[in-house]
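Heads up: take any position in the sequence shown, counting from 1, add 112, and you land on this note's numbering. First the structure, in the form of structure tokens, and then the observations on it.
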Amino acid sequence: KVNFMLKNARGVLCVPITLSRAKELDLPHQVSDNTSVLGTPFTITVDKLEGCTTGVSAHDRAETIKALADPKATPQTFGRPGHINPLYAQDNGVLRRSGHTEAAIDLCKMAGCFPAGVLMEIMNDDGTMARMPQLIEKAKEWNLKIISIKDIIAYRLQRETSIEVGEEVDMPTIYGHFRLIPFRQTSTGVENMALIKGEWNEDEPVLVRVHSSCATGDILGSERCDCGEQLHKAMEMIEKEGKGVLIYMQQEGRGIGLMNKIAAYKLQEQGLDTVDANLHLGFKPDERDYGCGAQMLRHLGVHKMKLMTNNPTKRVGLEAFGLEIQENIPIEIRPTQYDYRYLKTKKERMGHDLHL
113 KVNFMLKNAR
123 GVLCVPITLS
133 RAKELDLPHQ
143 VSDNTSVLGT
153 PFTITVDKLE
163 GCTTGVSAHD
173 RAETIKALAD
183 PKATPQTFGR
193 PGHINPLYAQ
203 DNGVLRRSGH
213 TEAAIDLCKM
223 AGCFPAGVLM
233 EIMNDDGTMA
243 RMPQLIEKAK
253 EWNLKIISIK
263 DIIAYRLQRE
273 TSIEVGEEVD
283 MPTIYGHFRL
293 IPFRQTSTGV
303 ENMALIKGEW
313 NEDEPVLVRV
323 HSSCATGDIL
333 GSERCDCGEQ
343 LHKAMEMIEK
353 EGKGVLIYMQ
363 QEGRGIGLMN
373 KIAAYKLQEQ
383 GLDTVDANLH
393 LGFKPDERDY
403 GCGAQMLRHL
413 GVHKMKLMTN
423 NPTKRVGLEA
433 FGLEIQENIP
443 IEIRPTQYDY
453 RYLKTKKERM
463 GHDLHL
């Protein structure tokens, strides 16, 4: 089967495992600063030592894969570096990160197997990456079943939840009268909230803003970013619309926390931009996930959205959880002398839809 994958798929052979398993086997991150486009969580490469030769043959790779999936294996089972690329999955699988690594681990758990899988990208004959139409044809040719990450997400959402719903209360604000519902992520204890205006049916597109917390911008009115003004503008737009949802996620500093965000600010004062500052601290440019926010929206009966965002990653992150974005509504704020460089970096290096 390994030889079949190497011959026909022709991508990079990887073994998804859990983070706890990576720690058990003493498999650290491949690099301290992960600057890859998707932040793919590679560990150092390995080969099984006993019963293998160079590690590159299909037999040797299969033996290494089986050892990674063997609960009796220890750090001493493997040589480093090698020819197999372990990947570590985020806790809570595709409900936290809609990636192939998490999908593989979720499938293992659903099947009652040890949480270690095998994956490889599939290339077309011309060397381009195969997409769903080509993958469907290849599945027929090879007599294989085919499933998407969206299918796994939908399956899990039908059978489980990772959010706890609090009490609903009235919430009058200076921007209008809303309703507020708090939510708790059961896996982490992190508490988020939804600010709600009006009513809708399930087929109706709803005005939505998914906003990550920014204590400096939202509370202090910092001009180092546009977060606070985006939050207030979103509330004004929902009030004007007469219906909508603002999801407020505790993901300070694009998911790195307040202390690290301020450390990144210090690095920016020394010349780094917001992306390089994150990388210097050992984080991806954006550490946020949208699984909890998507579940909150589904709980509120939102399936179709008019999404207020400039961030293409946010659109992809929400769509991966089965939410349909019918319209993208920009939420641009006039730059200041303090946040122009920050916004320019988001446009040029993070792909944000901004007109500066």
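Ideal Cβ placement from N, Cα and C applies to all residues, glycine included.
Residue i - partner residues in DSSP beta bridges
i	result
glycine 205	None, per the DSSP bridge assignment.
asparagine 288	Sequence inspection shows glycine at residue 288; the asparagine mentioned does not correspond to that position. Paired residue(s): Thr285.
leucine 307	Leu292 and Leu358
serine 260	BP columns for serine 260 are empty, so no partner.
arginine 453	DSSP lists no partner for arginine 453.
lysine 416	Pro317 and Glu436
histidine 323	Tyr360
glutamine 297	Ile275
Outcome for residue i when other beta-carbon atoms lying within 10 angstroms are tallied against a minimum of 16
i	result
leucine 455	buried
cysteine 225	exposed
glycine 394	exposed
glutamate 308	In the sequence as displayed, the identity of residue 308 is isoleucine instead of glutamate. Buried.
leucine 180	buried
glutamate 460	exposed
methionine 244	exposed
lysine 426	buried
asparagine 236	exposed
glutamate 341	buried
asparagine 313	exposed
glutamate 214	buried
glycine 429	buried
methionine 371	exposed
histidine 467	exposed
Reference residue i; option with closest CA among the options
i	options	result
histidine 411	Ile293, Arg321 and His195	Ile293
glutamate 348	Gly288, Met305, Ala389 and Asp338	Gly288
alanine 375	Ile359, Tyr360 and His392	His392
methionine 232	Thr457, Asn120 and Pro187	Asn120
serine 169	Ile156, Ile217, Val114 and Arg133	Val114
glycine 310	Ala327, Gly278, Ile437 and Glu351	Glu351
glycine 163	Ile156, Ala174 and Thr157	Ala174
aspartate 330	Asn423, Val320 and Tyr360	Tyr360
glutamate 280	Ile437, His467, Ile129 and Met305	Met305
valine 230	Thr448, Leu199 and Leu137	Leu199
aspartate 182	Phe154, Pro284, Arg133 and Thr155	Arg133
glutamate 353	Ser325, Pro317 and Phe433	Pro317
histidine 195	Leu161, Val387, Ile217 and Ala389	Leu161
threonine 328	Ser299, Gly369 and Ser210	Gly369
glutamate 136	Gln142, Thr155 and Pro187	Pro187
Within 8 Å, strictly: CB atoms of residue i and residue j
i	j	result
glutamate 364	lysine 355	no
isoleucine 234	alanine 242	yes
glutamate 335	aspartate 451	yes
aspartate 315	lysine 416	yes
aspartate 159	phenylalanine 190	yes
alanine 58	leucine 332	Beyond the ends of the chain as shown, which are 113 and 468, falls residue 58; an answer cannot be given.
isoleucine 445	leucine 419	no
leucine 207	isoleucine 265	yes
Chain B within 8 Å of residue i, Cβ atoms only
i	result
threonine 213	Note that chain B does not occur in the displayed structure, where there is just one protein chain.
Alpha helix (DSSP H) runs contained entirely in the region 146-192, provided each spans 4 or more residues
170-180
Going along the chain, which unbroken runs of the beta strand (DSSP E) with 3 or more residues stay wholly within the region 421-447?
436-441
Could you tell me which whole beta strand (DSSP E) segments of length 3 or greater appear in the region 334-410?
356-361
Report the residue ranges of all alpha helix (DSSP H) runs contained in full by the region 114-144; include only those spanning at least 4 residues, in chain order.
114-120 and 131-136
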